[in-house]
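Quick notes on the structure that follows.
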Amino acid sequence: MTLPIAVLRPEPGNAATAAAIEALGRRAIRLPLFDIVPLPWDGPDPAAHDVLVLTSANAVRHAGPALARYAALPVHAVGAATAAAARAAGLRVVATGSGDGQALLDAAQDGGVRAALLLTARDRAVAAHPAVSAIATVYASEAIDRVDATPLAGSVALVHSRRAAERMADIVNDRSHIAIAAISDAAASGLGGGWRAVTVAARPEDAAVIAAAIMLADTLARD
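The sequence shown lines up with residues 4 to 226 when you count with this note's numbering.
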């Protein structure tokens, strides 16, 4: 019998990832470790920027009415989900990255971007970049207190960020019964040791980390 796959990311991403797993005929465990909350922000003058950079769909969801001020700026988005959220909000997406935020900004710089406005989270992987002239923090990922990690025993848990990896390391007492599929090497670096097994997705995308988890689950089930 194959192992279930645990989804740890916040809502609404948790439900979306779990549904994708279940559509493949696998059992998903929904156990968010964080809640996403909006933060007050005072956006800079849109005229001072050449593009708007979005590294998460959460930035679109939680930016609030102020986001409309930047509707004239072309958007560079990480991944299809972020691009779709931006379009739904009335923004014009001109570039969709297939990697992480650093790769998106590197590509934007190579394309001539020099004064990007980055809308992002309080806790973020990219603190600064030559293509970015301003960073606006519009949401935060708050750890959920008293998470019961018991249902994770015997599963392959998806880790979508370094913060999620660090949170797992904090709440799990016996790591030997939990395998991990991390979305990137950076995410996996926060795990520490002692897990049943750890694998990293071929690409930093939700579909790729699901595929890595399924492969790992099938391998462990045969052992």
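From the three backbone atoms N, C-alpha and C, an ideal C-beta is built for every residue, glycine too.
Keep in mind that this is a model prediction, so the values were computed, not measured.
DSSP places Ser136 within a strand segment (E or B) once states are collapsed to three. Under the DSSP assignment, Thr20 falls in the alpha helix (DSSP H) whose first and last residues are 16-26. Annotation note: the segment 136-169 contains the following uninterrupted beta strand (DSSP E) runs of length 3 or greater, listed N- to C-terminal: 159-162. Cβ-Cβ distances below 8 angstroms link Gly93 to Ala71, Ala74 in the same chain, with the five nearest sequence neighbours on each side left out; the list follows chain order. Note on the segment 62-144: whole beta strand (DSSP E) runs with a minimum of 3 residues are 77-81, 95-100, 119-124, in chain order.
The Cβ atoms of Ser144 and Ile217 lie no closer than 7 angstroms to each other. Residue pairing by DSSP places Val203 opposite Ala185 in a beta bridge. One Cα belongs to Asp209, the other to Thr20, and the distance between them is close to 7 angstroms.
In this structure, Val54 lies near Leu76, with their beta-carbon atoms less than 7 angstroms apart. Per DSSP, reduced to three states, the secondary structure at Pro41 is strand.
For Leu223, there is no enclosing beta strand (DSSP E); the enclosing alpha helix (DSSP H) covers residues 209-225.
By alpha-carbon distance to Asn61, the top candidate from Ser136, Pro15, Arg165 is Pro15. Contact holds between the segment 175-187 and the segment 151-167, because three or more Cβ pairs, one in each stretch, are under 8 angstroms apart.
Sixteen is the threshold: when 16 or more other Cβ atoms of the shown chains lie within 10 Å of the Cβ of Ala134, as they do, the residue is buried. When the beta-carbon positions are compared, Leu194 and Ala172 come within less than 7 angstroms of each other.
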